[in-house]
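Beneath this line is the structure, given in C-alpha cells, with notes to follow.
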Amino acid sequence: MKIYNTLSGKKEEFVPIETGKVKIYVCGPTVYNLIHIGNARPMVVFDTLRRYLMYKGYEVNYVSNFTDIDDKIIKRSIEEGISADAVSSKYIKECEKDMEGLNIGTDMLHPLATQVIPEMIDMIKTLIDKGFAYENNGTVYYRVRKFKVYGKLSGKNIDDLEAGHRQIKVAGEDNKEDQLDFVLWKPKKEGEPAWESPWGEGRPGWHIECSVMAKKYLGDEIDIHAGGEDLIFPHHENEIAQSEAANGVTFAKYWMHNGFLKINNEKMSKSLGNFLTVRDISEKYDLQVLRFFMLGAHYRNPVNFSDELMDSAKNGLERIKNCSSFLDELIEKNDKNELTGEEQKLMTDAEGFRKNFETAMDDDLNTADAVASVFDLVKFINSNVSSENSKRFLVSLKSLLTDLNEVLGLDTSAEETGDIEWIELLIAERTRAKKDKDFKRADEIRDELLQKGIVLEDTRDGVRWKRK
Ligand code: AMP
Ligand code: ZN
Numbered sequence: 001m002k003i004y005n006t007l008s009g010k011k012e013e014f015v016p017i018e019t020g021k022v023k024i025y026v027c028g029p030t031v032y033n034l035i036h037i038g039n040a041r042p043m044v045v046f047d048t049l050r051r052y053l054m055y056k057g058y059e060v061n062y063v064s065n066f067t068d069i070d071d072k073i074i075k076r077s078i079e080e081g082i083s084a085d086a087v088s089s090k091y092i093k094e095c096e097k098d099m100e101g102l103n104i105g106t107d108m109l110h111p112l113a114t115q116v117i118p119e120m121i122d123m124i125k126t127l128i129d130k131g132f133a134y135e136n137n138g139t140v141y142y143r144v145r146k147f148k149v150y151g152k153l154s155g156k157n158i159d160d161l162e163a164g165h166r167q168i169k170v171a172g173e174d175n176k177e178d179q180l181d182f183v184l185w186k187p188k189k190e191g192e193p194a195w196e197s198p199w200g201e202g203r204p205g206w207h208i209e210c211s212v213m214a215k216k217y218l219g220d221e222i223d224i225h226a227g228g229e230d231l232i233f234p235h236h237e238n239e240i241a242q243s244e245a246a247n248g249v250t251f252a253k254y255w256m257h258n259g260f261l262k263i264n265n266e267k268m269s270k271s272l273g274n275f276l277t278v279r280d281i282s283e284k285y286d287l288q289v290l291r292f293f294m295l296g297a298h299y300r301n302p303v304n305f306s307d308e309l310m311d312s313a314k315n316g317l318e319r320i321k322n323c324s325s326f327l328d329e330l331i332e333k334n335d336k337n338e339l340t341g342e343e344q345k346l347m348t349d350a351e352g353f354r355k356n357f358e359t360a361m362d363d364d365l366n367t368a369d370a371v372a373s374v375f376d377l378v379k380f381i382n383s384n385v386s387s388e389n390s391k392r393f394l395v396s397l398k399s400l401l402t403d404l405n406e407v408l409g410l411d412t413s414a415e416e417t418g419d420i421e422w423i424e425l426l427i428a429e430r431t432r433a434k435k436d437k438d439f440k441r442a443d444e445i446r447d448e449l450l451q452k453g454i455v456l457e458d459t460r461d462g463v464r465w466k467r468k
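What the sequence shown shows, in the numbering used here, is residues 1 to 468, in sequence order.
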C-alpha cells in the first residue's frame, strides 16, 4: 500500500516498524461543544484506514485523544456556570453518540489529556534536563532553536517564522528567550483548573498532550500520525520537536493529513453562520449517509458539503443496501447448493471488483475509486443474479459485498435498512392514533421509539424526532 507522507511530500510504500503491526495516533477533538461535520472527517477517514489495514491482516493499535483541558473548555464552563470537567464529560458523551452513528469502530482507545498530567510533567522535566526547555515565572517554554530540524514537517524556515513573529509580537510574551518558543506548561489563573507541578500550580499547553498520549499508549516510535491539515503547523511540528527531543528517536514514520470540509464552497465557520454539527445532520439523515458522503472524495482533497451531494450520497447508499437485502431475500428462499460452471465464471468476474477496490485503497486510500468499485459490483449483481441461482453463488456474492462494505464502515445489515422510514411510519401512526383519541396506542409508539433511542418532541410545526 502507498501512503502520501506529509513529511516527504511523496507517496511512499507503507512498511510498518514491526511486521504485521500498525500503531496509529489521530488527533481528536477539543470537547467544548457538539462536534461539527469537519471534525467528523478525520474520524471517518482514519477509521477507514484502520479498517482497511485490518482487512489486509495487520494488527492495528489505534489511539485518538479527547482534548479535555483547553481555553475554549474553560470559557464554556464559565458561561455555563459548571466545572470544566463537567463541560468536557458532557461533550465526550455526545461525541461518542455521534461516533456510534458514524460507525467509527469501538476497538480503539480514546485517552483524555487530564489522565496523563503526571506523564506530561515527566516529559517536560526531561526536556528541561536535556536543555530543550526552560522555566520562567511558572511558565515552561520549549526552546525551538535548539531542535535543529524544526520545520521538517511543514517545510517552514525558522528565520522566516522569526521574522513573522517580530511583526506580530504578542503582549505578555516577553518572558520567552525567543519569540519562536512555545508553551509546555502555564501557571494557574484565578478560577481555572490547575495541577501541582515542579513549576507551581498550572496546566499543560496543548501540544504536549499528544506527544505524551502517543508515548504512553503506543510507544516512542509510531507508524502513522494523522489529523486535519490545519494541524501540520504548529501542532504537529511541535509534537515532533517535543517527542524527538525527549525520546531521542523518530516519532512517526508517516504523517497523514485530511483536507478540509467546506459548506456550499465556503469555509465552514461560526462567524459565517454556516456551521453544521453532526447532530444537526442526524436529524435529517442516517449518519451512515454522512460517512458515505465523505468517502466519496479523496481524503486529501477539500470536500464540499451541500444538500444535493448528501441526497446523492443517500441514494447511492440506498442502492448498495437494497442490493444487499435483495441478496438476503434470494438466499432465504433458495435451497439449490451446486455452483454451476457459468456461476463459477461469474464469481471470478465479481472478484475482479474486489481487486479494483484494493488497488484503489492501496493507492493512498483512494476511497472515491473504491466506492466506484462497490457500485460496479452492485450493478453486476443486479444484472446477473436471479432466483434461479444457487445458494452458494448468492452467499459468495453477499460475502464479497459485505467485505467491501465493512472496510468502508457501511453497515448494511437488515435492521439498519429503512431505519428512518421505520421511524417516520411510526410517527405517522402515532399522529393518526392521537387524532382518533387512541392515546394508549400513541403512548405505546412513543415508548417503542424511546427504547430504540429515538426521542419525540411535539412542536407547533408537528412532531420532531432526534436520537438520544
Ligand atoms: P479541533 O477540535 O479543532 O482540534 O479539531 C479536531 C480534528 O478535526 C482535527 O484533526 C482537525 O484538523 C479536524 N478538523 C477541524 N475542522 C475541520 C474541517 N472543516 N474539515 C476537516 N477537518 C477538520
Ligand atoms: Zn494532537
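Think of the CB as a built atom: it goes at the ideal place given N, C-alpha and C, for glycine as much as any other residue. These figures come from a predicted structure and were not determined experimentally.
Contacting residues, own chain, Cβ-Cβ under 6 Å from residue i (five flanking each side not counted)
i           : result
residue 279 : 34
residue 104 : 43 and 47
residue 39  : 29
residue 247 : 220
residue 18  : none
residue 211 : 239, 242 and 243
residue 23  : 61, 218, 222 and 223
residue 463 : 427 and 456
residue 357 : 370, 373 and 404
residue 359 : none
Assigned exposure category for residue i - 16 Cβ within 10 Å defines buried
i           : result
residue 3   : buried
residue 367 : buried
residue 451 : exposed
residue 271 : exposed
residue 124 : buried
residue 500 : The structure shown does not extend to residue 500, since the chain spans only 1 to 468, so no value can be given for it.
residue 109 : exposed
residue 412 : buried
residue 114 : buried
Supposed contact pair residue j and residue i - C-beta distance, whole angstroms, cut 8 Å
i           : j           : result
residue 353 : residue 377 : 4 Å
residue 408 : residue 442 : About 39 Å; that fails the 8 Å criterion.
residue 50  : residue 60  : 5 Å
residue 37  : residue 317 : Their Cβ separation, rounded to whole angstroms, is 16 Å, which puts residue 37 and residue 317 out of contact at 8 Å.
residue 320 : residue 192 : That belief does not hold up - the Cβ atoms of residue 320 and residue 192 are roughly 49 Å apart, past 8 Å.
residue 143 : residue 196 : 24 Å between Cβ atoms; not a contact.
residue 299 : residue 365 : 6 Å
residue 237 : residue 153 : 5 Å
residue 21  : residue 52  : Not quite, the Cβ-Cβ distance comes to about 15 Å (not below 8 Å), so this is no contact.
residue 327 : residue 379 : Not confirmed; about 14 Å, so no contact.
Residue i versus residue j - alpha carbon distance
i           : j           : result
residue 146 : residue 158 : 11 Å
residue 285 : residue 102 : 11 Å
residue 255 : residue 7   : 6 Å
residue 325 : residue 406 : 15 Å
residue 188 : residue 448 : 50 Å
residue 506 : residue 348 : A query on residue 506 cannot be resolved here, the shown segment of the chain reaching from 1 to 468 and no further.
residue 181 : residue 162 : 10 Å
residue 308 : residue 263 : 12 Å
residue 222 : residue 241 : 15 Å
residue 78  : residue 100 : 29 Å
residue 261 : residue 310 : 13 Å
residue 83  : residue 93  : 16 Å
residue 206 : residue 184 : 8 Å
residue 323 : residue 384 : 12 Å
residue 436 : residue 430 : 10 Å
residue 41  : residue 258 : 8 Å
residue 461 : residue 243 : 55 Å
residue 251 : residue 225 : 9 Å
residue 198 : residue 427 : 60 Å
residue 355 : residue 304 : 29 Å
residue 404 : residue 306 : 26 Å
residue 382 : residue 55  : 26 Å
residue 350 : residue 12  : 30 Å
residue 315 : residue 160 : 49 Å
Proximal residues to residue i (C-beta, below 8 Å), its chain only, five neighbours per side dropped
i           : result
residue 389 : 330, 334, 336 and 343
residue 130 : 245 and 246
residue 416 : Confidence at residue 416 is low in this model, with a pLDDT of 45, below 50, so the placement of that residue is unreliable and no value is reported for it.
Same chain only: Cβ atoms within 7 Å of residue i, ignoring 5 sequence neighbours per side
i           : result
residue 468 : 453 and 455
residue 313 : 289, 292, 293 and 296
residue 213 : 63, 65, 111 and 116
residue 363 : 2
residue 26  : 42, 46, 64, 226 and 227
residue 423 : 449, 454 and 465
residue 133 : 124, 127, 140, 141, 142, 143 and 184
residue 216 : 116 and 119
residue 175 : 136, 137 and 139
Test: residue i CB closer than 8 Å to a CB of chain B
i           : result
residue 251 : Protein chains in the displayed structure number just one, and chain B is not present.
Count the CB pairs spanning the segment 197-204 and the segment 130-140 that are closer than 8 Å, and state whether there are at least three.
yes
Taking 8 Å as the cut-off, does the segment 68-83 touch the segment 228-237 (at least 3 CB pairs, one atom from each stretch)?
no
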